[in-house]
Each structure stands twice: as C-alpha cells, then as structure tokens.
Amino acid sequence: MTIIVAAITLFCLSGDIQIIFTHLYYIPIILASYWFERKGVLFTLFLSLFYLEAVYSFNPADMQGLYSAIIRVIVFIGISLVIAFLSATIKKKQENVSRSERLFHAVWESIHAGIVLVDAKTHCIISANPEFTRMTGFSESDLDGQVCHEYICPMGVGECPVSDKGLKVEHVEGVLLSKDKKEIPVFKTIAEMKIGDEDYYIESCIDITALKDAENILLAYLREATLRIRNPLELVRENLIELQKEQEDRETNPAYITTAIAVQQKNIEGILGNLREIERAVAENRTEIPDALREYLKR
Numbered sequence: 000m001t002i003i004v005a006a007i008t009l010f011c012l013s014g015d016i017q018i019i020f021t022h023l024y025y026i027p028i029i030l031a032s033y034w035f036e037r038k039g040v041l042f043t044l045f046l047s048l049f050y051l052e053a054v055y056s057f058n059p060a061d062m063q064g065l066y067s068a069i070i071r072v073i074v075f076i077g078i079s080l081v082i083a084f085l086s087a088t089i090k091k092k093q094e095n096v097s098r099s100e101r102l103f104h105a106v107w108e109s110i111h112a113g114i115v116l117v118d119a120k121t122h123c124i125i126s127a128n129p130e131f132t133r134m135t136g137f138s139e140s141d142l143d144g145q146v147c148h149e150y151i152c153p154m155g156v157g158e159c160p161v162s163d164k165g166l167k168v169e170h171v172e173g174v175l176l177s178k179d180k181k182e183i184p185v186f187k188t189i190a191e192m193k194i195g196d197e198d199y200y201i202e203s204c205i206d207i208t209a210l211k212d213a214e215n216i217l218l219a220y221l222r223e224a225t226l227r228i229r230n231p232l233e234l235v236r237e238n239l240i241e242l243q244k245e246q247e248d249r250e251t252n253p254a255y256i257t258t259a260i261a262v263q264q265k266n267i268e269g270i271l272g273n274l275r276e277i278e279r280a281v282a283e284n285r286t287e288i289p290d291a292l293r294e295y296l297k298r
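Position 199, counted from 1, in the sequence shown is what numbering that gives the first Met the number 0 calls 198; the numbers after and before it change by one each time, with no gaps.
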C-alpha cells in the first residue's frame, strides 16, 4: 500500500494534482498506527517527510502548496498519534479481558466445588464445571440445555425453592441427583446473577458424602458405646433392687450382703473399665475409632 501511495503521489504531482491523492495516505497511516503503535507513528513521520519532499521537489516555488502540505502532514501525524493511543488502550483492555478469562477458567476448572449455571426463566442448564460433572457422573454435553428439575434436582416443576418459593439458599444441606439417579448429599448455595437483561442462577455444591458416612459411623459407634455402659448399669440396678427386696422380706445373712455388694462392685468396675476404654479410644489412635471417622477428622 505504501508503494502504491508513493507511486500515485509522484504521478499526481508530476501532473500538478495537489489534493485528491493525499486521501490515500490515511489508509497505510491508520493501518500502521493500529498494528504497530509507536512504530506506526514513526512510519507516518517517514511517509510525511516523503510527501513533503515530493511536493517541494516538483513545485519548489509554490509556497502556498508547501504550506498546505505541511498542514496535511500535521494532520497525518495527529491521526497517527490518536490511532496509536487508541490501539494501545484497546490492546491493554483485551489483555486484561484475556487475563481475566484465563483466571476464571483456571478457577472454574480447578475449584473443589461443583458449580452449575442455570437460566432463571427456563431453568435450563447452561454450563457446569468439571467438579460438578465428576460429582454427578454427567458429562457437560449431557447437562447442556437440560431442565434442572428432576434431572439434577429432586424438586419437581413449580417447587423450585428460589424462583417459586422465594427462599434464600445459602449453605443449605440438600441433595443432587447423579446420572444413575442416586441422591448425593451436598451443601448447596444458589446465587442470583444478572447479565444484561438476562437472569441466571449460579448453584454451587460441596459433596458431603464422606461427612454423612462419618456421621453414620460415629452414631453407630456411640450407640455401641452406650450399650456397653447401659447394659451393665441396668444389671447393677436390677441386682440392687433384688437385694433391697430380700432385705425387706426377711433377715438377710450379712455374708450374703457382703458377697452381693462385692458382685455389684465388680460390675461397677466393669462399667468404669468400659468408660476408660472409650476415653482412650477417643484420645489415642486406637482401632476402636472407625477408619472413616478418623480419616474425616484428619482433614
């Protein structure tokens, strides 16, 4: 383009044409300034010097034409500076946007929480991050465009806690439906977001299956520990009641009372032994603590 403009400049000036061809200069000036910024401004300076030299060479005595050419050169340089500045600003904005997108994708793909984006009007799934697909067993293509009701959410149509019931869902315990229709216990948060004129729901879920398993095992362990204490206590109570009745009904041999008290003392020692075992199991790394509970508590 520069070569063509230079050739047209020489041709027009040789025919005493001063104005029309100069509009062609804007094309290489604008392109160079946009693509190369500072180097584009330097290019404009050289192209402007060429233009002034050509005008002076063909019409050295035409001072009015030379003044007009100088004014055009000033306009060329001004346009080049403005375009270079705008280009640098646009590229900086684009770099910031690209950086933000890279950071967003890094978080979206590596965060240890399932996230799904849902259209607030249609309840159709727009996107889901890798952790969400791992949790549910669906692929992103499986979820794309599907209605969340009874697909990943057990609630039926018209029973959405946010859009239909107006509830605020923050760190609420709930369930997700997996690909094989199993219920996955989760902590769920649903945030509303508006982009332009469109409303969206961002649903984030944390899988608490391990926590639920640990809770169930802990409950079973506590139930077993309770039985290990309750049964001997009930036996002691029954024996004491029986001993009291015998003492009230007839005279009881002191040796019998001594033996009965010794038996109850032995039972109470057994209860205390069970309590000490439970205390040690909690305080130490003992096999009495269920593995699932221990692994969960190590987190």
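Where a beta carbon is used, it is the ideal one built from N, C-alpha and C, also for glycine. All figures in this text were calculated on a predicted structure; none of them were measured in a lab.
Exercise. Among residues of its own chain, excluding the 5 on either side of G113, which ones have a beta-carbon nearer than 6 Å to its beta-carbon?
Worked result: Answer for G113: E130, F131, M134, C204, listed in chain order.
Exercise. Under a Cβ-count criterion, where at least 16 other Cβ atoms within 10 Å of its own Cβ denotes burial, should I19 be classed as buried or exposed?
Worked result: Exposed: under 16 other Cβ atoms inside 10 Å.
Exercise. Taking Cβ positions, are I82 and I29 nearer each other than 8 Å?
Worked result: A contact, by the Cβ cut-off of 8 Å.
Problem set entry | Boundaries (first-last residue) of the alpha helix (DSSP H) holding K187 | K187 -> not in any alpha helix (DSSP H); beta strand (DSSP E) instead, spanning 182–194.
Problem set entry | Pair within 8 Å by beta-carbon distance, Y55 and L48 | No, the pair does not count as a contact, with Cβ atoms beyond the cut-off.
Exercise. With G155 and E149 assumed to form a contact (beta carbons below 8 Å), what rounded beta-carbon distance in angstroms separates them?
Worked result: Right, the Cβ-Cβ distance comes to about 6 Å (below 8 Å), so this counts as a contact.
For this session: Using 10 angstroms around the beta-carbon of K187, count the other beta-carbons present and answer buried if the total reaches 16, otherwise exposed.
Result: By the 10 Å Cβ count, K187 comes out buried.
For this session: Note down, in chain order, each residue of its chain lying with its Cβ closer than 7 Å to the Cβ of L9, except the 5 sequence neighbours on either side.
Result: Result list for L9: A53, in chain order.
Exercise. Are there three or more Cβ pairs, one per stretch, closer than 8 Å when the region 166–175 is compared with the region 183–201?
Worked result: Judged by Cβ distances under 8 Å, the region 166–175 makes contact with the region 183–201, as three or more pairs qualify.
Problem set entry | One or two residues paired with D141 in a DSSP bridge | Checking the DSSP bridge columns, you'll see D141 has no partner listed.
For this session: Within 10 angstroms of the Cβ of L296, are there 16 or more other Cβ atoms? Answer buried if so, exposed if not.
Result: In this prediction, L296 scores a pLDDT of 45, lower than 50, which makes its location untrustworthy; no coordinate-derived value is stated.
Exercise. How long is the line joining the alpha carbons of C147 and S79, rounded to whole angstroms?
Worked result: Approximately 54 Å between the Cα atoms of the pair.
Exercise. Nearest to C159 by CA position, among P27, T1, A119, is which residue?
Worked result: Proximity to C159 across P27, T1, A119 peaks at A119, based on C-alpha coordinates.
Exercise. Mapping DSSP to helix, strand and coil, what is V115?
Worked result: Note: V115 maps to strand in three-state DSSP.
For this session: Given a cut-off of 8 Å, decide if I151 and L116 are closer than it, judged by their beta-carbon atoms.
Result: Pairing L116 with I151 gives a Cβ-Cβ distance that is not under 8 Å.
Exercise. How many whole angstroms separate the CB atoms of Q145 and I124, which I take to be in contact at a CB cut-off of 8 Å?
Worked result: In this structure Q145 touches I124 by the C-beta definition: roughly 5 Å separates them, less than 8 Å.
Problem set entry | Residue environment, E233, which counts as buried when at least 16 other CB atoms sit within 10 Å | It is exposed - the Cβ of E233 has fewer than 16 other Cβ atoms within 10 Å.
Exercise. In this structure, what does DSSP give as the bridge partners for L85?
Worked result: Answer is none; L85 lacks a bridge partner.
For this session: Classify N266 as helix, strand or coil using the three-state DSSP reduction.
Result: In the structure shown, N266 falls within a helical segment according to DSSP collapsed to helix, strand and coil.
Exercise. Between the beta-carbon of I228 and the beta-carbon of I270, is there less than 8 Å?
Worked result: The Cβ-Cβ distance between I228 and I270 falls below 8 Å.
Problem set entry | Beta carbon of L51 nearer than 8 Å to that of I69 | It is a contact, given that the beta carbons lie within the stated cut-off.
Exercise. Can you name, in chain order, every residue of its own chain whose Cβ lies under 6 Å from the Cβ of Y33, other than the five neighbours on each side?
Worked result: If we look at Y33 and ignore the five residues flanking it on each side, its Cβ neighbours are I82, S86.
Exercise. Hey, out of V72, H122, A127, whose CA is closest to I110's CA?
Worked result: Closest option to I110, Cα to Cα, is A127.
Exercise. For the beta strand (DSSP E) that contains E197, what are its first and last residues?
Worked result: 197–206 is the span of the beta strand (DSSP E), which, as asked, contains E197.
Exercise. CA-CA distance, K38 and S97?
Worked result: Cα atoms of K38 and S97: separation of roughly 24 Å, rounded to the nearest angstrom.
Exercise. For the putative contact between L44 and Y24, defined by C-beta atoms under 8 Å, what is the C-beta separation to the nearest angstrom?
Worked result: So it is not a contact: roughly 12 Å between Cβ atoms.
Exercise. Shortest alpha-carbon distance to K180 belongs to which of T121, A209, F137?
Worked result: Nearest in C-alpha terms to K180, of all of T121, A209, F137, is F137.
Problem set entry | Pairwise C-alpha distance: H122 and D163 | If you take the alpha carbons of D163 and H122, they lie about 11 Å apart.
For this session: May I ask you to report which of helix, strand or coil DSSP gives K297?
Result: Because the pLDDT at K297 is just 49, under 50, the model does not fix this residue reliably, and the value given afterwards should be weighed accordingly. In this structure, K297 counts as coil in the three-state DSSP scheme.
Problem set entry | With 16 other Cβ atoms within 10 Å as the buried cut-off, status of P231 | Buried, by the Cβ-count rule.
Problem set entry | Ordered list of alpha helix (DSSP H) runs contained in the region 7–75, each at least 4 residues | If one requires a minimum length of 4 residues, the alpha helix (DSSP H) runs lying completely within the region 7–75 are 25–35, 37–57, in chain order.
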